[in-house]
Amino acid sequence: MSDIYELTVAIDLRDEISEQELAELSWHLGTGSQPERLSIVTEFPVVVEDDSGIPVIEDDPYPLLAGRGAAWRVGGVLCSALAPRADLSWKGWSLTSRQEIHPDEFEKVGELLCWLAARAHETHRLGDGAAVGIGSLRFYEAEVPDALQVESGRVNWPV
Numbered sequence: 659m660s661d662i663y664e665l666t667v668a669i670d671l672r673d674e675i676s677e678q679e680l681a682e683l684s685w686h687l688g689t690g691s692q693p694e695r696l697s698i699v700t701e702f703p704v705v706v707e708d709d710s711g712i713p714v715i716e717d718d719p720y721p722l723l724a725g726r727g728a729a730w731r732v733g734g735v736l737c738s739a740l741a742p743r744a745d746l747s748w749k750g751w752s753l754t755s756r757q758e759i760h761p762d763e764f765e766k767v768g769e770l771l772c773w774l775a776a777r778a779h780e781t782h783r784l785g786d787g788a789a790v791g792i793g794s795l796r797f798y799e800a801e802v803p804d805a806l807q808v809e810s811g812r813v814n815w816p817v
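The working numbering applies: residue 659 is where the sequence shown begins, and numbers increase by one.
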């Protein structure tokens, strides 16, 4: 049995993102190279064995929303895009991503989603403004996705 989910992110971001943050965000989306210093999601710990067979923790950064091509379990295509937006009413960025994700990745991807939610345009604020609608999550066998929101710095993973 597989624990794969379809993660769809669709969010507009205010124009308050530095060049370094844009470079890192592009890397996470698979459209840019890895920057020397990470500031959005900063730690990617992984346990490996050293030459003596002793477990050690190393940092092994990887882009979080960079899947491309045919999806393995959820059907369709995996993709991510970031585009500048400059309507008459406001300036910023539009981001869309469709990925396959395993629950083991929820924590790291959640860090990135919380960062995005903190920079979301006001149109993504829900109700009293405390929650931000960021996309959806669907178990690969489910027919209907669940809404995905960030509230108080936490993703409400509906699983």
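We put the CB at the ideal spot given by N, CA and C, even for glycine.
- Item | N-terminal and C-terminal residue of the alpha helix (DSSP H) that V767 is part of | What you label residue 767 is simply residue 109 of the sequence shown in a count that begins at 1. V767 -> alpha helix (DSSP H) spans F764 to A776.
- Inter-residue spacing [alpha-carbon to alpha-carbon] between I669 and D717: Mapped onto the sequence shown, residue 669 falls at position 11. Mapped onto the sequence shown, residue 717 falls at position 59. If you take the alpha carbons of I669 and D717, they lie about 29 Å apart.
- Query: Taking three-plus beta-carbon pairs below 8 Å as touching, is the region 675-695 in contact with the region 797-815?
  - Reply: They do not touch, by the three-pair rule.
- Item | L784 versus D673 - alpha carbon distance | Here residue 784 refers to the residue found at position 126 of the sequence shown. Here residue 673 refers to the residue found at position 15 of the sequence shown. Going from the Cα of L784 to the Cα of D673 covers about 20 Å.
- Message: For a test of the three-state rule: what should DSSP assign to T700, helix, strand or coil?
- Response: As a first step, residue 700 must be located in the sequence shown, where it is residue number 42. If DSSP states are grouped into helix, strand and coil, T700 belongs with coil.
- Message: For G811, which residues in the same chain have their Cβ closer than 6 Å to its Cβ, ignoring the five residues on either side in sequence?
- Response: Translated into positions along the sequence shown, residue 811 becomes position 153. Cβ neighbours of G811 within its own chain (closer than 6 Å, five residues either side excluded): C772.
- Message: Just to confirm before moving on: does the CB-CB distance between R777 and L671 stay below 8 Å?
- Response: Locating residue 777 in the sequence shown gives position 119, counting from the first residue. Locating residue 671 in the sequence shown gives position 13, counting from the first residue. Yes, these two residues count as a Cβ contact at 8 Å.
- Query: Does the distance from the CB of L770 to the CB of Y663 come in under 8 Å?
  - Reply: Here residue 770 is taken as the residue at index 112 of the sequence shown, counted from 1. Here residue 663 is taken as the residue at index 5 of the sequence shown, counted from 1. Going by C-beta atoms, L770 is not nearer than 8 Å to Y663.
- Query: How about the region 726-735 and the region 696-708: do they share at least three Cβ pairs that are nearer than 8 Å?
  - Reply: They do not touch, by the three-pair rule.
- Item | For Y663, the residue or residues it bridges with in DSSP | On the sequence shown, residue 663 is found 5 positions in, with the first residue counted as 1. Beta-bridge pairing links Y663 to I759 and F797.
- Option in W748, S747 and R756 with minimal Cα separation from C737: Indexing the sequence shown from 1 puts residue 737 at position 79. Comparing Cα positions, the closest option is R756.
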